[in-house]
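Scroll down for the structure; my scribbles are underneath it.
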Amino acid sequence: MGSKNSSGMLKKEYLGRTIVSICGILIIVLTLIITIFLIVKGSGTFTTYHHSIGEFLFSDNWSPSDVSGKGGGGVGARIYILGSLMTCGLALLIALPFSLAAAIFIAEISPEIGSKYLQPAIEIFVGIPSVVYGWIGLRVLVPFIRDKFHAPMGGYSVLAAGIVLAIMIFPTITTLSADALRALPDSYRLASYGLGASRWQVIYTVLVPAAKNGILSGVILGLSRAFGETLAVAMVIGKTRVLPKGILYPTNNLTAAIAADMGNTANGSEYNLALWSMALLLLIISLVCIVLIHVILRNKKEKDD
Amino acid sequence: MNERDARHNRVKNMNRFMTGVFYGVGGFFILLLIVLAAYIVIQGIRSIYPGVFGFTRNGIGNQFFNTVYLVLIALVISTPLGIAAGVYLAEYAKQSKLTELITMSIEALSSLPSIVIGLFGYLVFILMTGMKWNLIAGALAVTIMSIPLITTTTRDALKALPPDYKSSSIGLGATRWQTMWHVLLPACVPRIVTGIILVAGRGFGEAAALMYTAGQSTIINWSNWDITSPTCALNPFRPGETLALHVWVMRTEGSMNPHSTDIANVSSAVLILLVLGFNLLARYLSRRIDRRNTGQ
């Protein structure tokens with residue numbers, strides 16, 4: 012009786028262990044499968060239709076054919092790539108000072124108000140669905156830009172996309188920067204105050220430089236979010252495939268192009284595969300960002316040790 | 006002496022000024038959130054017209070049902086997988102390359118753009134199976150996005166437990182699995198539930214991943230309860246446009262529906278209220294956990 016019971020226990024022990032191990036490994040498998048499938052689909056432009064990677068990245072000639080098996084068009088996605096770069100760069104430019112200030116507020120100025128009001132507010136900002144941001148951008152921001160800045164194309168612009176993205180990525184940068192500031196040892200603060208520095212002097216000469224790795228990883232994570240953001244940008248960017256003459260002009264970007272055209276192309280056609288190549292590019296950008304963050308944080312650890 | 010005083014004053018004033026700036030920015034974001042949420046909700050309420058909550062072409066009832074149904078399916082799949090993976094990471098994984106690989110994969114998965122996950126879902130669940138847009142495909146896409154968060158929540162909750170829990174249970178002769186199943190996991194339930202609520206809130210708002218999986222249309226016949234029929238509400242293999250996607254569709258097909266702006270306004274307001282509600286619920290729960298743990 013006793014031995015039967017304990018062998019049952021043992022069986023459960025090993026069964027449970029096996030099941031949870033499989034689930035753990037499943038996560039790796041899932042990530043690998045997503046990567047492999049996107050590589051297979053996304054490389055079709057270069058293998059099946061013999062375009063060069065240089066053409067895809069640096070040419071403006073976007074005229075892929077939508078007939079399955081018939082190539083011969085152009086797959087230059089430079090305008091989409093530049094559109095993504097410009098909107099994300101502008102978003103970062105807008106968001107960074109505000110995020111840093113908010114992070115300093117939470118970590119140094121008033122941790123009490125910070126944790127009671129500002130941090131919950133930031134969490135809610137994260138939770139607001141991206142279509143809602145897009146919809147508000149479309150209803151409020153686009154008309155505002157049209158009326159106040161007399162933008163051509165009725166306010167659909169790089170600026171509108173940049174502002175919407177800035178609101179969407181500031182929580183990421185703020186949270187990671189605040190964590191980095193909070194993680195600094197108190198001896199930094201005490202030593203600086205002991206030398207007679209004011210709080211602002213401590214912040215900008217000691218704390219922010221010391222936390223720069225954490226802040227940088229927040230910036231990278233924010234940028235990777237911005238690159239992948241789709242519908243909110245698609246709603247306000249104007250979706251015109253031209254190089255914008257300024258931030259008040261419309262353009263198009265990678266995600267908006269994929270979202271708009273993927274469903275209308277024939278599976279396996281040159282057009283279709285070019286869109287998959289754009290998706291692959293997004294995947295690569297997102298993976299590179301993760302690796303970059305790891306390198307930055309590892310460097311920091313080595314320096315600390 | 007005078008010069009030193011002047012410098013001292015300059016530093017002091019700068020400090021005061023910057024403190025003001027920081028308070029200003031902090032206040033600005035809180036104000037922005039309040040204004041944003043209030044604007045969306047008020048616009049939504051002002052756009053209500055008779056039948057907007059109905060289950061017809063002019064109402065959002067069907068989309069609302071699809072959203073809840075899809076998120077529910079996604080949670081049913083992702084919760085056990087995520088918890089199991091979290092248990093593995095907290096309890097069984099050693100400090101090895103494999104563990105590092107899993108952690109890296111979790112980070113990669115959680116930072117993948119949702120459109121990329123949507124395209125993967127489109128490729129695997131639609132193109133490869135030859136099915137039409139369907140709720141299951143959408144739910145699986147949302148599952149992929151949810152697993153990382155549930156896994157890390159479970160792992161962190163288990164690791165945050167006092168070590169006494171485990172040692173006393175093992176000391177009483179329980180096996181590792183019994184300890185996990187009867188002692189450690191039950192102690193983590195509130196934290197895991199909080200994580201699941203947050204995941205659900207995110208699922209309600211997801212749209213880009215669902216464009217090419219769950220589809221951008223929905224036809225439900227509410228008097229048809231034959232689950233194999235493509236118009237039966239409960240059939241998971243029918244196209245099921247969700248509320249968030251409806252906002253997008255209403256924008257692009259604006260001219261075809263005279264109520265499109267109102268519908269998008271009301272849908273946005275409903276989404277915001279859902280997100281706010283779920284967020285507050287999660288906060289309330291985690292505050293209660295903290296209070297219990299600190300013995301107040």
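Residue numbers (the numbering used here), protein chains in the order written: chain A, 12 to 316; chain B, 6 to 301. Just so it is clear, CB atoms sit at the ideal spot from N, CA and C, and this is done for glycine as well.
Nearest-angstrom Cα distance between residue i and residue j?
| i | j | result |
| --- | --- | --- |
| Ser11(A) | Leu103(A) | The shown model of chain A, from 12 to 316, leaves out residue 11(A), and the question about it has no answer. |
| Gly279(A) | Thr134(B) | 16 Å |
| Gly13(A) | Leu80(B) | Residue confidence is low: Gly13(A) scores 48 on pLDDT, short of 50, so the model does not pin down where it sits. No coordinate-derived value is stated. |
| Leu254(A) | Tyr217(B) | 28 Å |
| Asp158(A) | Tyr167(A) | 12 Å |
| Ile248(A) | Arg150(A) | 13 Å |
| Val30(B) | Ala113(A) | 6 Å |
| Val92(B) | Thr159(B) | 7 Å |
| Ile202(B) | Pro163(A) | 43 Å |
| Glu96(B) | Gly176(B) | 17 Å |
| Arg181(B) | Met20(A) | 10 Å |
| Asp262(B) | Ala42(B) | At residue 262(B) the sequence reads Asn, which differs from the Asp that was named. Distance between the alpha carbons of Asn262(B) and Ala42(B) is about 26 Å. |
| Thr61(B) | Tyr54(B) | 13 Å |
| Ile295(A) | Val147(B) | 21 Å |
| Pro195(B) | Ser291(B) | 7 Å |
| Ala187(A) | Pro122(A) | The residue you asked about is not Ala; residue 187(A) is Leu in the sequence shown. Distance between the alpha carbons of Leu187(A) and Pro122(A): 15 Å. |
| Ala144(B) | Ile30(A) | 23 Å |
| Ser174(B) | Asp161(B) | 20 Å |
| Thr104(B) | Leu303(A) | 19 Å |
| Ala287(B) | Tyr74(B) | 20 Å |
| Ile78(B) | Lys314(A) | 47 Å |
| Gly100(A) | Lys22(A) | 56 Å |
| Val204(B) | Gln212(A) | 41 Å |
| Ile39(B) | Gly138(A) | 14 Å |
Under 6 Å Cβ to Cβ from residue i, same chain only, skipping five residues before and after it: list those, please.
| i | result |
| --- | --- |
| Glu281(A) | Tyr60, Pro75, Ser76, Gly82, Gly84 |
| Asp153(B) | Note that residue 153(B) is Pro in the sequence shown, not Asp. Counting only Cβ-Cβ distances below 6 Å, and skipping sequence neighbours, we find Ile111, Leu114, Ser115. |
| Ile307(A) | Asn224, Leu227, Ser228 |
| Leu291(A) | Leu49, Gly53 |
| Thr58(A) | none |
| Ala243(A) | Ser141, Tyr144, Gly145, Val175 |
Ignore the nearest five residues each way along the sequence and tell me which others in residue i's own chain have a CB closer than 8 Å to its CB.
| i | result |
| --- | --- |
| Val57(B) | Asn63, Gly64, Ile65, His264, Asp267, Ile268, Val271 |
| Val280(B) | Gly206, Phe209, Gly210 |
| Ser126(A) | Ile117 |
| Lys164(B) | Ala95 |
| Ala192(B) | Leu166, Tyr170 |
| Asn310(A) | Asn224 |
| Val230(A) | Leu103, Leu107, Ile184 |
| Ile141(B) | Ile78, Phe130, Pro241, Phe242 |
For residue i and residue j, which I take to be in contact (beta-carbon distance under 8 Å), what is that distance rounded to the nearest angstrom?
| i | j | result |
| --- | --- | --- |
| Gly239(A) | Val121(B) | 7 Å |
| Leu117(B) | Met273(A) | About 17 Å; that fails the 8 Å criterion. |
| Asn229(B) | Thr236(B) | 5 Å |
| Cys34(A) | Leu86(B) | 5 Å |
| Arg252(A) | Trp73(A) | 6 Å |
Please report whether the beta-carbon of residue i lies at a distance below 8 Å from any beta-carbon of chain C.
| i | result |
| --- | --- |
| Cys99(A) | You won't find chain C in this structure, because its protein chains are A and B. |
Residues in the same chain with beta-carbon distance under 7 Å from residue i, minus the five sequence neighbours each way, listed in chain order, please.
| i | result |
| --- | --- |
| Val273(B) | The sequence shown places Ser at residue 273(B), not Val. Cβ within range, chain order: Ile45, Gly49, Val252. |
| Gly282(B) | none |
| Ile105(A) | Gly173, Ile174, Ala177 |
| Leu215(B) | Gly123, Gly143, Ala146, Thr247, Leu250 |
> Can you list, in chain order, the stretches of the alpha helix (DSSP H) that have 4 or more residues and sit fully within the stretch 175–231 of chain A?
Replying inline: 197–205
>> Runs of 4 residues minimum, wholly inside the stretch 242–270 of chain A: which ones carry the alpha helix (DSSP H) assignment?
In response: 242–247
>> By the 8 Å beta-carbon criterion, what residues does the stretch 173–199 of chain B contribute toward chain A?
In response: Thr180, Arg181, Trp182, Gln183, Met185, Trp186
> Which residues, in order along the stretch 135–149 of chain B, keep a beta-carbon less than 7 Å from a beta-carbon of chain A?
Replying inline: Ile149
> Quick one: complete alpha helix (DSSP H) runs, 4+ long, within the stretch 42–130 of chain A?
Replying inline: 55–58, 64–69, 89–115
> Listed in chain order, which residues of the stretch 270–287 of chain A have Cβ atoms closer than 9 Å to some Cβ of chain B?
Replying inline: Ala270, Ala271, Met273, Gly274, Asn278, Leu286, Trp287
>> I'd like the ranges of any alpha helix (DSSP H) spanning at least 4 consecutive residues and lying wholly in the stretch 189–258 of chain B.
In response: 190–210, 248–257
> Residues in the stretch 89–105 of chain B with C-beta within 9 Å of chain A's C-beta atoms, listed in sequence order?
Replying inline: Ala89, Ala90, Gly91, Val92, Tyr93, Leu94, Glu96, Tyr97, Ala98, Leu103, Thr104
> Which whole runs of the alpha helix (DSSP H) in the stretch 66–129 of chain B are 4 residues long or more, in chain order?
Replying inline: Along the stretch 66–129 of chain B, the alpha helix (DSSP H) occurs as fully enclosed runs of 4 or more residues at 66–92, 102–116, 119–126, listed in sequence order.
>> What are the residues in the stretch 213–240 of chain B lying within 7 Å of chain A by C-beta distance?
In response: Ala213, Met216, Tyr217
> At what residue ranges does the stretch 146–176 of chain A contain a whole run of the alpha helix (DSSP H), taking only runs of 4 or more?
Replying inline: 153–160
>> Under 8 Å, CB to CB, which of the residues in the stretch 106–117 of chain B have a partner in chain A?
In response: For the stretch 106–117 of chain B, the set of positions with a beta-carbon nearer than 8 Å to some beta-carbon of chain A reads Leu106, Ile107, Met109, Ser110, Ile111, Glu112, Ala113, Leu114, Ser116, Leu117 in chain order.
>> For the stretch 123–139 of chain A, list every residue whose C-beta sits within 9 Å of some C-beta in chain B, in sequence order.
In response: From the stretch 123–139 of chain A, only Ile124, Gly125, Tyr128, Leu129, Pro131, Ala132, Ile133, Glu134, Ile135, Phe136, Val137, Gly138, Ile139 have a Cβ closer than 9 Å to chain B.
>> Closer than 7 Å between beta carbons: that is the criterion. Which residues of the stretch 107–119 of chain A meet it against chain B?
In response: When C-beta distances to chain B are compared with 7 Å, the residues of the stretch 107–119 of chain A below that value are Phe109, Ala112, Ala113, Ile115, Phe116, in chain order.
> Which residues, taken in chain order from the stretch 22–48 of chain A, show a beta carbon closer than 9 Å to some beta carbon of chain B?
Replying inline: Lys23, Glu24, Tyr25, Leu26, Gly27, Arg28, Ile30, Val31, Ser32, Ile33, Cys34, Gly35, Ile36, Leu37, Ile38, Ile39, Val40, Leu41, Thr42, Leu43, Ile44, Ile45, Thr46, Phe48
> Which of the residues in the stretch 172–205 of chain A, read from start to end, lie with their CB under 7 Å from any CB of chain B?
Replying inline: none
>> Along the stretch 252–272 of chain A, where does the CB come closer than 8 Å to a CB of chain B? Name the residues.
In response: Within the stretch 252–272 of chain A, the qualifying residues are Thr266, Ile269, Ala270.
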